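> Okay, so the sequence shown: first residue is 4 according to the numbering used here, each after it adds one.
Ideal placement from N, C-alpha and C gives every residue a C-beta, glycine not left out.
In this text, all values refer to a predicted model and were calculated from it rather than measured experimentally.
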Amino acid sequence: MCMDNRKRLNIPEKFAYVIRTGAGNLRTSEFKVSYAIAVGGVRAIALIGHNNCGMANLKAKEQKFIDGLVEVGWDRKAAEDHFNHFAPMFEIGNELDFVMSEVKRLRQRYPKVLVAPMMYKLEDNRLYLLKDDKSEG
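In structure tokens:
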């Protein structure tokens with residue numbers, strides 16, 4: 004699930020491993036995913052994205068990002084370099100398209116693990132299971 008602070012899931016204790024990342028992007032958390040699968044016995048992943056995600060269209064937030072780091076003591080050049088280095092790695096483009104591409108990537112990486120694409124809509128507070136080619140099978 005996204006790291007967004009506007010929402011949280013109510014999940015019973017010991018029910019699931021929860022990895023919260025920007026946009027539900029697990030590319031930089033793959034070792035944690037592998038651990039949950041290999042050691043924790045996980046056999047299903049619910050990949051949850053949401054609309055109005057801050058990781059979409061990062062370029063539009065560049066100045067705010069840099070200014071925010073400068074406010075807390077960063078050198079402006081270092082803040083610019085930081086944004087320019089990491090923004091391409093974390094930019095997701097369209098939220099729905101990203102969730103579907105990440106699901107495809109995870110299914111290829113972990114072929115015996117069920118990966119379910121889901122989207123949370125902020126305006127109606129509902130979680131939706133997304134249809135994809137594999138689920139229409």
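Which residues mark the beginning and the end of the beta strand (DSSP E) in which residue 118 is found?
Locating residue 118 in the sequence shown gives position 115, counting from the first residue. First-last of the beta strand (DSSP E) with residue 118: 117-124.
> Starting from residue 79 and walking both ways along the alpha helix (DSSP H), at which residues does that stretch end?
The residue you call residue 79 lines up with position 76 of the sequence shown. Looking at the DSSP string, the run of the alpha helix (DSSP H) that includes residue 79 is 79-93.
> Hey, quick one: how far does the alpha helix (DSSP H) through residue 69 stretch, first residue to last?
On the sequence shown, residue 69 is found 66 positions in, with the first residue counted as 1. Note, residue 69: alpha helix (DSSP H), 65-74.
> Using the Cβ count rule (16 or more neighbours within 10 Å means buried), how would you classify residue 6?
The residue given as residue 6 occupies position 3 in the sequence shown. It is exposed - the Cβ of residue 6 has fewer than 16 other Cβ atoms within 10 Å.
> Buried or exposed: residue 36, going by 16 or more other Cβ atoms within 10 Å of its Cβ?
Here residue 36 refers to the residue found at position 33 of the sequence shown. Residue 36 comes out buried.
> Excluding five sequence neighbours on each side, which residues of the same chain lie with their C-beta closer than 6 Å to the C-beta of residue 117?
Within the sequence shown, the letter at position 114 stands for residue 117. Taken in chain order, the residues that qualify are 47.
> When you compare the CB positions of residue 106 and residue 61, do they come within less than 8 Å of one another, or not?
For the purposes of this step, residue 106 is identified with residue 103 of the sequence shown, where counting begins at 1. For the purposes of this step, residue 61 is identified with residue 58 of the sequence shown, where counting begins at 1. No, they are not a contact pair.
> Within its chain, find whatever has a CB closer than 6 Å to the CB of residue 22; leave out the 5 residues flanking it on each side and keep chain order.
Locating residue 22 in the sequence shown gives position 19, where the first residue counts as 1. Cβ within range, chain order: 32 and 35.
> Out of curiosity, what's the CA-to-CA distance linking residue 71 and residue 78?
Mapped onto the sequence shown, residue 71 falls at position 68. Mapped onto the sequence shown, residue 78 falls at position 75. Taking the straight line joining both Cα atoms gives about 11 Å.
> Just how far apart, CA to CA, sit residue 124 and residue 75?
Numbered from 1 along the sequence shown, position 121 holds the residue referred to as residue 124. Numbered from 1 along the sequence shown, position 72 holds the residue referred to as residue 75. About 32 Å.
> Is residue 51 helix, strand or coil by DSSP?
Within the sequence shown, residue 51 is the residue found at index 48, counting from 1. In the structure shown, residue 51 sits in a strand (DSSP, three-state: E or B).
> Can you pull the DSSP bridge partners for residue 31?
Your numbering for residue 31 matches position 28 in the sequence shown. Per DSSP, none; premise fails for residue 31.
> Hey, residue 25 and residue 102 are a contact pair by Cβ (cut 8 Å); roughly how many whole angstroms apart?
By 1-based counting over the sequence shown, the position of residue 25 is 22. By 1-based counting over the sequence shown, the position of residue 102 is 99. So it is not a contact: roughly 13 Å between Cβ atoms.
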